[in-house]
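Visitor:
Residue numbers (UniProt numbering): 1 to 470.
#1: In chain order, what are the residue ranges of uninterrupted beta strand (DSSP E) at least 3 long that sit wholly in the segment 286-353?
#2: Would you say the segment 116-124 touches the segment 135-151, given that touching needs at least three Cβ pairs under 8 Å?
#3: Sort 185, 28, 216 and 287 by Cα distance to residue 195 and report the nearest one.
#4: Which residues in the same chain have their Cβ closer than 6 Å to the Cβ of residue 429, if we skip the five residues on either side of it in sequence?
#5: Nearest CA to the CA of residue 205: which residue from 235, 255 and 182?
#6: Which stretch, first to last residue, makes up the beta strand (DSSP E) that contains residue 440?
#7: Can you tell me whether residue 253 is helix, strand or coil according to DSSP?
#8: Can you grab the Cα-Cα spacing for the pair residue 221 / residue 135, in whole Å?
#9: Starting from residue 47, trace the beta strand (DSSP E) in both directions and tell me its first and last residue.
#10: Is the beta carbon of residue 336 less than 8 Å from the beta carbon of residue 386?
#11: Here's a check: name, in chain order, each residue in its chain whose Cβ is nearer than 6 Å to the Cβ of residue 453, leaving out the five neighbours to either side.
#12: Can you tell me whether DSSP reads residue 397 as helix, strand or coil?
#13: Determine whether the beta carbon atoms of residue 323 and residue 316 lie at a separation below 8 Å.
#14: Please report the straight-line C-alpha distance between residue 184 and residue 279, rounded to a whole angstrom.
#15: Could you tell me which residues DSSP puts in a beta bridge with residue 209?
#16: Give a yes or no on whether the C-beta atoms belonging to residue 47 and residue 446 are separated by under 8 Å.
#17: Only counting the same chain, and skipping five residues up and downstream in sequence, which positions put a Cβ closer than 8 Å to that of residue 208?
#18: Give me whichever residues DSSP pairs with residue 258 in a beta bridge.
#19: For residue 144, does the three-state DSSP call read helix, strand or coil?
#20: Mark residue 395 as exposed unless 16 or more other C-beta atoms lie within 10 angstroms of its C-beta, in which case mark it buried.
#21: Considering only C-alpha positions, which residue in the set 253, 398, 261 and 252 is nearest to residue 233?
#22: State the DSSP-derived secondary structure class of residue 155, mapped to helix, strand or coil.
#23: Return helix, strand or coil for residue 494, following the three-state DSSP convention.
#24: Measure the beta-carbon distance from residue 182 to residue 147 and round it to whole angstroms, keeping in mind my assumption that it falls under 8 Å.
#25: For residue 57, does the three-state DSSP call read helix, strand or coil?
#26: Below 8 Å on the Cβ atoms is my contact criterion, and I expect residue 489 with residue 321 to pass it. Report the Cβ-Cβ distance as a whole number of Å.
#27: Using a Cβ-Cβ cutoff of less than 7 Å, which residues in the same chain neighbour residue 51 once the five nearest sequence positions on both sides are dropped?
#28: Looking at the structure shown, is residue 112 part of a helix, part of a strand, or coil, going by DSSP?
#29: Which partner residues does residue 107 have in the DSSP bridge list?
#30: Can residue 93 be considered in contact with the ligand ATP, in the sense that its beta carbon sits closer than 7 Å to one or more heavy atoms?
#31: Measure the C-alpha to C-alpha separation of residue 275 and residue 285 and round it to an integer number of angstroms.
#32: What separation, rounded to the nearest whole angstrom, lies between the Cα atoms of residue 226 and residue 292?
#33: For residue 364, tell me which candidate among 439, 102, 397 and 263 has the shortest Cα-Cα distance.
#34: If the criterion is Cβ atoms closer than 8 Å, does the pair residue 369 and residue 297 meet it?
#35: Run through the DSSP bridge pairs and tell me what residue 125 is partnered with.
Right, dumping it as C-alpha cells:
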C-alpha cells in the first residue's frame, strides 16, 4: 500500500460547526490501485473493516486487498508537539500511519474448487501488554493473531579497526525505532462457511468466530483446537430456514453471547446453561404484520450487525431499513425503532435488481451508550440518539454536515412516504463501515478507499434525559 497519507481538516465553516455539532476533523485517503484483469468492485484498497482499540489511541482498517493499516494518535501528536506548545493550539490530534502490513493473501481451495479472497472481513483489538499491541483479523476462512511493537534500529559508529596489537570493535547506537507486525498464531480449518464475525470475550483470553451455520469458541493461546458452541445446521440442508449473520460477546459477562439471524431475530446464549448454545436463553424478535408481508420481507428483515451497549443493558441491531434498540430484559418488542431507509421501501424492486438490497450496514454505539452511528447511501451516515429525537446526517464527500430534524423518526418516515419525488441514490457510494471512539465524541467511517474521522464537543444540556420505556 502506498505510504503517502493525505489528511485534510475542516474548520468552523460548516453549519454543524457553528452549532457545536459534528465536523470533519481528518480525511485519510489511500490511492486506489486497480489490479490488471480484476473487476473494479474488487479494488484492493477499498476499506472493508474499521475498528478503534480499547484506548481510542489506535485505529485499524482492513481492505479488500488483505492489508491492515494501523493509525496512531500518538504518532500524529509527536509531529505537532512543538506547534501545540508554542501556540497552544486547540486543534484535534490527528491520526498518522503507524504500521501497514499484508494480513491475508488470496488462496484457492482445490478440494472445493473455490477461490478464497484476501478481503479483510473483521478486525478486533485485543488487550495490549508489554508495550505491544495485539489484534485479530479475518477473511472468509482464516483468523490471524497479530502483534505490533516498536523495534529499535541500531547502527555502528565505526568499522573494525586494528591499531598494532589492539583491536577495537564498533559501537552500536540506537538511531530510530520502527513498527513491526508479527503473526503470532493462525486459527484455520475450523469453518466450512464464510466467517462473518469475530468477537473478543471480556476475559481477554477467548474469542468467538461465526460463519453462516456455526459459532466456534477459541483461546488466544491455542490455535489447533476450538469448541463449537452454536450449530444450526440441519441434518437435511433442504430444511434450512435461517443462517447466522453476526455474533458478539457481552461487554462484562464472559458467559453471555448473542447472535443474529437472517430472519430478523437476535438470540442470547448463556454458556453456563449448556456447552452447546443451540437452545437460546432469550429470543428478541419483532413480529411483522402479516398484512404487510411481501417478496422482500425476509430479505430486508435480515440483521446485518448487532452490538451490546457498553453497560450490556441494551442490544442494537441493524437491518436494511431500520435500527432497533432492545432491552435485554424485554423480549416482546424493541424499546426504540429508528427508520433509516423507510423512504426506500417503494424502490425495493430496483434495489433487488442491483443487489443493493443485500448490502450490510454496520452500526456502533457511543461510549456512554446514548448515541448510535450507522451508514447509508449517497456517502451519508447518520448519528442518532437513543431517544429518537435527533438525526444528524453527514456526508463526508460533500464536506458538510446538517442536522436533519429533531422530530420523531416515525414522522420523518411519514413525510418521506407521503408521495414526494424520490431523490436519486448513488448506490455505489455508500458507508458500510462505521465505528465509535470508546471514550470520546469521535467516529470513523469509510467510503471506498477513504477514511473519515468526525468529532464534536458535547453540547451543554440542563434538561434531564428521558428514560426508555420498559
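Backbone N, C-alpha and C fix where the C-beta goes; we use that ideal spot for every residue, glycine too.
Guide: Checking against the coordinates, here is how it stands:
#1: 305-308, 314-318, 322-327 and 336-339
#2: By the Cβ rule, the segment 116-124 counts as touching the segment 135-151, because three or more pairs are nearer than 8 Å.
#3: 216
#4: The beta carbon of residue 429 is closer than 6 Å to those of 379 in its chain, skipping five residues each way along the sequence.
#5: 255
#6: No beta strand (DSSP E) holds residue 440; DSSP gives it neither H nor E.
#7: coil
#8: 13 Å
#9: 47-52
#10: yes
#11: 25, 26 and 444
#12: helix
#13: The Cβ-Cβ distance between residue 323 and residue 316 falls below 8 Å.
#14: 35 Å
#15: Per the DSSP secondary-structure output, residue 209 pairs in a beta bridge with 198 and 216.
#16: Yes; because the gap between Cβ atoms is below 8 Å, this pair is in contact.
#17: Result list for residue 208: 197, 198, 199, 201, 215, 216, 217, 218, 229, 247, 249 and 257, in chain order.
#18: 248 and 268
#19: Here residue 144 sits in strand by DSSP.
#20: buried
#21: From the listed residues 253, 398, 261 and 252, the smallest Cα separation to residue 233 is found for 261.
#22: Secondary structure of residue 155 (DSSP, three-state): strand.
#23: What is shown of the chain runs 1 to 470, which leaves residue 494 out entirely.
#24: 5 Å
#25: coil
#26: No statement about residue 489 is possible, as the shown extent of the chain runs from 1 to 470 and does not include it.
#27: 60, 123, 124, 125 and 435
#28: coil
#29: 116
#30: Only the bare structure without any ligand can be found here, which leaves the ligand ATP out of the picture.
#31: 24 Å
#32: 43 Å
#33: 439
#34: no
#35: 135
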